[in-house]
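Each residue of the sequence shown is one higher than the last, beginning at 4 in this note's numbering. No residue lacks a Cβ here, since even glycine has one placed at the ideal position from N, Cα and C. Have a look at the structure below before the remarks.
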Amino acid sequence: MGRGKFKGKPTGRRNFSTPEEMIAGTSARPRTFKQEQAEDEVRDESGEEEESEEEEIERSKGTQGIIETANPNLVRPKNLKAKDADLDKTPELSRREREEIEKQKAHERYMRLQEQGKTEQARKRFRASEFDKAAKS
Numbered sequence: 004m005g006r007g008k009f010k011g012k013p014t015g016r017r018n019f020s021t022p023e024e025m026i027a028g029t030s031a032r033p034r035t036f037k038q039e040q041a042e043d044e045v046r047d048e049s050g051e052e053e054e055s056e057e058e059e060i061e062r063s064k065g066t067q068g069i070i071e072t073a074n075p076n077l078v079r080p081k082n083l084k085a086k087d088a089d090l091d092k093t094p095e096l097s098r099r100e101r102e103e104i105e106k107q108k109a110h111e112r113y114m115r116l117q118e119q120g121k122t123e124q125a126r127k128r129f130r131a132s133e134f135d136k137a138a139k140s
């Protein structure tokens, strides 16, 4: 039965193999390490032609070999050189900047119309000023 949430303190200690254990083959290293070493030795003994053929034929695991998709995150943006840059081309404004400019233009247009007396607010002010003049006289 478990003794609780945490492990005891002496976990995770390193086990170093002695030279005698390494020679005898009873070291703490995993067995796959020995297999990889043996494969490397066999590859070294075989010719270079076979080695290049093995590198070309790599099987991918699972559906990776069947479905090949381009990862859009791996595509790096192309850098423009200074000589290729077009100085006459103006950069496109963002939506917020474009809306801000439109808002300012609309306000200026409204103020011009108000000075000419063509807006409802200007007409109301004009009527109110006439009413005040009539009341004073």
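Residue range 22-27 is occupied by the alpha helix (DSSP H) that includes residue 26.
Only residues of its own chain outside the window of five on either side were considered, and among them 116, 117, 118, 119 have a CB closer than 8 Å to the CB of residue 125, listed in chain order. Counting along the chain, the unbroken alpha helix (DSSP H) around residue 132 starts and ends at 123-139. When secondary structure is reduced to three states using DSSP, residue 96 falls in the coil class, being assigned neither helix nor strand.
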